[in-house]
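Residue numbers (my numbering): 101 to 251.
What follows is one structure encoded as structure tokens, with my remarks underneath.
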């Protein structure tokens, strides 16, 4: 019985190791892995206090509107104005970020949890943005892989 438990533990450890490495497979082609915490939008919205003040990398749907820059969990959250499923984003030194408007992106910056007393309609914010990259769709990745390499 003890051997069985050790075997199950080893298999679980290997599986978790492989799963954690697989999370970087969604990076834009040719991009290096992010630094800091790799957190999903769900992580940031559900546990803002855990990530407050820390450098995080996450994926989401970018919307840059007048006085309403936000990173949404899904495009549908943006379309249906589900602002609790979004975090405010301060693009600061990325004036060309507009070219990624209304696209899925990878973004790296410092997460700020909103104070409980704050009337903000978003679930927190991303500041001090260090990186913004587009995230290709499965279709785009397939097309990219099928194209012959240029000599």
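Even for Gly, the Cβ is constructed at its ideal location relative to N, Cα and C.
Exercise for review: Please say whether residue 159 and residue 235 have beta carbons closer to each other than 8 Å?
Suggested key: Contact: yes.
Practice item. To the nearest angstrom, report how far apart residue 239 and residue 171 are at their CA atoms. Key: Near 23 Å, if we compare the C-alpha coordinates of residue 171 and residue 239.
Review point. Who are the Cβ neighbours of residue 152 in its own chain at under 6 Å, not counting the five residues just before and after it?
Key: Excluding residues within five positions, the ones whose Cβ falls inside 6 Å are 213.
Practice item. Note down the Cα distance separating residue 204 from residue 211, rounded to an integer number of angstroms. Key: Their Cα atoms are separated by approximately 18 Å.
Check your understanding: Got a sec, what are the start and stop residues for the alpha helix (DSSP H) residue 178 sits in?
Key -> Membership of residue 178 in the alpha helix (DSSP H) is indicated by the continuous run 175-179.
Exercise for review: Verify whether the separation of the beta carbon atoms of residue 226 and residue 190 is less than 8 Å.
Suggested key: Residue 226 places its beta carbon less than 8 Å from that of residue 190.
**Study point:** Selection from 175, 154, 229, 223 that minimises the alpha carbon distance to residue 146
**Key:** Per the Cα distances, 223.
Practice item. Kindly indicate which three-state DSSP category residue 147 falls into: helix, strand or coil? Key: Coil.
Practice item. Could you pull out every unbroken alpha helix (DSSP H) segment of at least 4 residues lying fully inside the stretch 151-210, listed in chain order? Key: The DSSP assignment places 175-179 as complete runs of the alpha helix (DSSP H) inside the stretch 151-210, in order along the chain (cut-off: 4 residues).
**Study point:** Whole-Å CB distance - residue 229 paired with residue 194, under 8 Å assumed
**Key:** Indeed, because the Cβ distance is near 6 Å, the residues count as touching under 8 Å.
Review point. How many angstroms separate the CA atom of residue 136 from the CA atom of residue 148?
Key: Rounded to the nearest angstrom, the two C-alpha atoms are 15 Å apart.
Check your understanding: Whose CA, out of 161, 176, 150, lies closest to the CA of residue 188?
Key -> Answer by Cα proximity: 161.
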